[in-house]
Amino acid sequence: MKDLNYKRYVILLIAISAAIRSLLAIVLNLGGEEAYYWTFSLFPELGSFDQPPMIGWFIQLFTNNLALGGEFFLRLSSIVTGCANIWLIYIIGRRIKGEAAGFYSALLYSFSFYLSLVAGLFILPEGPQTFFYLLSLYFLLEGLIPRDKNCAESRMLCRMALVLAGLFIGFATLSKFSSFLLWLGVAVYAISNDRSLFKRTDLYLAAFVTLASLFPVILWNVNNDFLGVEYLAGTMKFSGGINLQAFLKGIFIPFLINNPVNLYIIYLSLRAYSRSPFISKEHLSLLLSLSIPVIAVSIVFSLVSDSFIYATSLGIIPFIIIAGSWLSTEHIKTNKILNPKSLRVSLYLFAIVVTIALTHHYTGMLNYLFSVNKEGYSIGSNDFTLDRYGLKKLSYEFKKIRDIDIATGRISAHSYIIEFDYKKAALKDYYLARPNKTFVKTWGPLSKVRKYKWITAKQGGLKTGESVYYVHSSRDDNKGVEFGYNNFEKVEIAKVLYLKKFRKPVIRYTIYRYKNLVNDPLKTN
């Protein structure tokens, strides 16, 4: 067992992980957030007021500018970077304590719901962010703690490591702004462990490279009256007092999505280190500096904003490397590859949760409320997973209705779908509008419709005399229906559709025709 070929097992782990995530990418419909980030590639910009542009660029790259369609190709960038991330964390762990440490770090990484699925499967900014974060971590390690103090092994790597780290921190920040907190970790490490770092010119050059890489976002904000800065400031609700709900989410959501058993293993590793150090003090200090400040700042800021809830998960990655290093010492003691028992439990928990989630998605086994007419209950309101269920069937029904309506002159071929929320707009754009050669326009405040404010403007805005479709879900409130009655001459119900699981209705869609916009919403609102 001591001669175990860890590299081969890591490659096998990557292959298994890629196969599972590819299968999930094929069988699962897009979620609202995913569909929204698809619009970043559909309408590419140098920036956006709510998120940096990297996710859109990645989708364009891996779909050949959307020439390759379907959920799998849209998610391909996350699948590829997810595989690369397993290899990167293996290399980082190997760099700190050897091949076994790298292997166990890769295992823990793969057992994390957030790192393996959220960042490694879905079309979310966390995909490119985590990839560039790990590259940043590797080059920070090379630049701040060189393998040879005199750089005899590789002078070029020593000279360029921090600059490359700065570049990749910039790219990570272009994926998600919370990545900039890595520089806070570097500052904490320099102050607490090696103040001579402040005398190194390459450190300042690296910081400059990070700022320079943000030029696209800065330019977009300059050209758009700093809307992005205004939006980020608006998420900080200092005047509204402490947001206890967001604060609790900032603690418990990362605990759950990073696999609670993984966090228990991290706790065991830190306790073991206090008794018997298993990595150098320098390495521990750097990993803790890149972890604890990020977690602390994210939790503190969650008191006034819910935008930092998931940033905590970035701070978990260095802890995973510490835990992987400890597991490598436990392996030597027992010669068991999945030792201690908690590592096996982590795997079992991951497998069980994914299996239950998939089973529920197709069967609704966790949904005990199926009544269509129960008083005070909207069918499907208790199950958020329904937002991505049955959308292709809904698209098929919508196509039949629209084709007949156009053929019979009931509605114009120039009609479109109206929505009032950016996630719902994006889902209907992807599954209903684009396949049926129409489009989606939105109405509402910028905070509700986000990028669709610009998309709607590019498509001509809302004009009097237009007729539109509105697809209302039983999970929605009635504001969209009220908008129709208040602003259109006539409102018709085209069809009521129930989607079922095992012959039991789980959600209702009502397809409305709103005919002849008579009130200009700009004037009536």
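Going by this note's numbering, the first residue of the sequence shown is number 26, and it counts up by one from there. Just so it is clear, CB atoms sit at the ideal spot from N, CA and C, and this is done for glycine as well. These numbers come from a predicted model, not from an experiment.
Nearest-angstrom beta carbon gap, I532 and F411 [assumed within contact, 8 Å] = Taking the sequence shown and counting its residues from 1, the one referred to as residue 411 is at position 386. Taking the sequence shown and counting its residues from 1, the one referred to as residue 532 is at position 507. In the sequence under discussion, the amino acid at residue 411 is Leu, which differs from the Phe named in the question. Contact holds; Cβ gap of about 5 Å.
Cβ-based burial, T88 [other Cβ within 10 Å; buried from 16] | Reading the sequence shown from its first residue, position 63 is the one you call residue 88. So T88 counts as buried.
State the DSSP-derived secondary structure class of N25, mapped to helix, strand or coil.
-> Since the first residue of the chain shown is 26 and the last is 550, residue 25 is not available in this structure.
Specify the secondary structure class of P530 as computed by DSSP and reduced to three states.
-> Residue 530 sits at position 505 when you count from the first residue of the sequence shown. It is a strand residue.
Count the other CB atoms within 10 Å of the CB of V242; is the residue buried (16 or more) or exposed (fewer)?
-> On the sequence shown, residue 242 is found 217 positions in, with the first residue counted as 1. Buried is the call here.
Excluding the five sequence neighbours on either side, which residues of its own chain have a C-beta within less than 8 Å of the C-beta of G253, listed in chain order?
-> One-based indexing of the sequence shown puts residue 253 at position 228. So the qualifying residues of the chain are G72, S73, F74, D75, V242, W245 and N246.
Could you give the C-beta distance for F138 and N284, rounded to a whole number, given that I count them as a contact under 8 Å?
-> Walking along the sequence shown from the start, residue 138 turns up at place 113. Walking along the sequence shown from the start, residue 284 turns up at place 259. About 6 Å; that satisfies the 8 Å criterion.
For V188, which option in F233, G210 and P530 has the closest C-alpha, if you only look at C-alpha atoms?
-> Stepping through the sequence shown from its first residue, residue 188 is reached at position 163. Measuring C-alpha to C-alpha distances from V188 to each of F233, G210 and P530 identifies F233 as the nearest.
Throw me the rounded Cβ distance for the Q106 and P150 pair, which I believe falls under 8 Å.
-> Counting from 1 along the sequence shown, the entry for residue 106 is found at position 81. Counting from 1 along the sequence shown, the entry for residue 150 is found at position 125. Reading the sequence as shown, one finds Thr at residue 106 and not Gln. Actually they are not in contact, since the Cβ atoms of T106 and P150 sit about 12 Å apart, beyond 8 Å.
Just list the alpha helix (DSSP H) runs in the segment 270-304, keeping only unbroken ones of 4 residues or longer that don't cross its boundaries, in chain order.
-> Within the segment 270-304, the complete alpha helix (DSSP H) runs of at least 4 residues are 285-300.
Could you give the residue range of the beta strand (DSSP E) that holds Y421?
-> On the sequence shown, residue 421 is found 396 positions in, with the first residue counted as 1. Looking at the DSSP string, Y421 is not in any beta strand (DSSP E); the run it does join, the alpha helix (DSSP H), is L416 to A432.
Residue from G57, I36, A44 and I41 whose Cα sits closest to the Cα of Y456 = As a working note, residue 456 is residue 431 in the sequence shown. G57 is the residue among G57, I36, A44 and I41 whose C-alpha sits nearest the C-alpha of Y456.
Have a look at the DSSP bridge pairing and note the partners of F513.
-> For the purposes of this step, residue 513 is identified with residue 488 of the sequence shown, where counting begins at 1. F513 pairs with L542.
Bridge-paired residues (DSSP) for L522 = Looking up residue 522 in the sequence shown gives position 497. Residue pairing by DSSP places L522 opposite Y534 in a beta bridge.
Which word fits Y441, buried or exposed, when buried means at least 16 other C-beta atoms lie within 10 angstroms of its C-beta?
-> Residue mapping note: residue 441 aligns to position 416 of the sequence shown, counting from 1. Y441 comes out buried.
Which residues does DSSP pair with H497 in a beta bridge?
-> Within the sequence shown, the letter at position 472 stands for residue 497. Partner(s): T535.
Is there contact between the segment 209-216 and the segment 316-330, where contact requires at least three CB pairs shorter than 8 Å?
-> At 8 Å Cβ cutoff, the stretches touch.
For the segment 213-229 and the segment 298-314, state whether three or more C-beta atom pairs, one from each stretch, are separated by less than 8 Å.
-> The count of Cβ pairs closer than 8 Å, one atom from the segment 213-229 and one from the segment 298-314, reaches three, so the stretches are in contact.
DSSP on V6, reduced to helix/strand/coil?
-> Residue 6 falls outside the range modelled here, since the chain spans only 26 to 550, and no answer is possible.
First through last residue of the alpha helix (DSSP H) which encompasses Y229 = Your numbering for residue 229 matches position 204 in the sequence shown. Taken as a continuous stretch (DSSP letters only), the alpha helix (DSSP H) holding Y229 covers T226 to S238.
So, helix, strand or coil for E444, using DSSP?
-> As a working mapping, residue 444 is identified with position 419 in the sequence shown. Residue state, collapsed to three classes: strand.
Alpha-carbon to alpha-carbon, F65 and V493 = Your numbering for residue 493 matches position 468 in the sequence shown. Your numbering for residue 65 matches position 40 in the sequence shown. The alpha-carbon separation between V493 and F65 amounts to approximately 24 Å.
With distances taken between CB atoms, is the gap from T50 to E124 smaller than 9 Å?
-> Position 25 of the sequence shown, counting from 1, holds the residue named residue 50. Position 99 of the sequence shown, counting from 1, holds the residue named residue 124. The identity of residue 50 in the sequence shown is Ala, whereas the question assumes Thr. No, Cβ-Cβ distance for A50 and E124 is not below 9 Å.
State the Cα-Cα distance for the pair R296 and N503, rounded to the nearest angstrom.
-> Stepping through the sequence shown from its first residue, residue 296 is reached at position 271. Stepping through the sequence shown from its first residue, residue 503 is reached at position 478. Taking the straight line joining both Cα atoms gives about 53 Å.
Among residues of its own chain, excluding the 5 on either side of D91, which ones have a beta-carbon nearer than 8 Å to its beta-carbon?
-> Indexing the sequence shown from 1 puts residue 91 at position 66. Looking at the sequence shown, residue 91 is not Asp but Leu. Within the same chain, Cβ atoms closer than 8 Å to the Cβ of L91 are found at S66, L67, I84 and Q85, the five residues on either side in sequence being excluded.
Residue-level contact to chain D via CB, E58, 9 Å cutoff = The displayed structure is made up of one protein chain only, and chain D is not part of it.
Apply the 10 Å Cβ neighbour rule to K540 and answer buried if 16 or more other Cβ atoms are within range, or exposed otherwise.
-> The sequence position of residue 540 within the sequence shown is 515, counting from 1. It is buried - the Cβ of K540 has at least 16 other Cβ atoms within 10 Å.
Sorted by chain position, which residues of the same chain lie with C-beta nearer than 6 Å to Y477's C-beta, five sequence neighbours on each side aside?
-> As a position in the sequence shown, residue 477 is number 452, starting the count at 1. For Y477, where only same-chain residues beyond five positions count, the Cβ hits under 6 Å are Y447, A450 and T467.
Burial state of F527 (16 or more Cβ within 10 Å) = By one-based count along the sequence shown, residue 527 stands at place 502. Result: exposed.
For S350 versus T337, is the C-beta distance shorter than 9 Å?
-> On the sequence shown, residue 350 is found 325 positions in, with the first residue counted as 1. On the sequence shown, residue 337 is found 312 positions in, with the first residue counted as 1. No; because the gap between Cβ atoms is not below 9 Å, this pair is not in contact.
Own chain partners of Y31 with C-beta closer than 7 Å, once the 5 adjacent residues on each side are dropped = Locating residue 31 in the sequence shown gives position 6, where the first residue counts as 1. Within the same chain, Y31 has close Cβ partners E124, A125, G127 and F128.
Excluding five sequence neighbours on each side, which residues of the same chain lie with their C-beta closer than 8 Å to the C-beta of E400?
-> Locating residue 400 in the sequence shown gives position 375, where the first residue counts as 1. For E400, the predicted model reports a pLDDT of 47, less than 50, meaning its position is unreliable and no value from the coordinates is stated.
By DSSP, does T106 sit in helix, in strand, or in coil?
-> Stepping through the sequence shown from its first residue, residue 106 is reached at position 81. In this structure, T106 counts as helix in the three-state DSSP scheme.
Identify which residue in L38, N54 and I36 has its Cα closest to the Cα of Y387.
-> Counting from one through the sequence shown, the residue named residue 387 turns up at place 362. Per the Cα distances, N54.
Exposed or buried, which one is T226 when buried takes at least 16 other CB atoms within 10 Å?
-> Position 201 of the sequence shown, counted from the start, is the residue given in the question as residue 226. T226 comes out exposed.
Out of I278, L199, I381 and T235, state which residue places its alpha-carbon closest to the alpha-carbon of V143.
-> As a working note, residue 143 is residue 118 in the sequence shown. The candidate whose alpha carbon is nearest that of V143 is I278.
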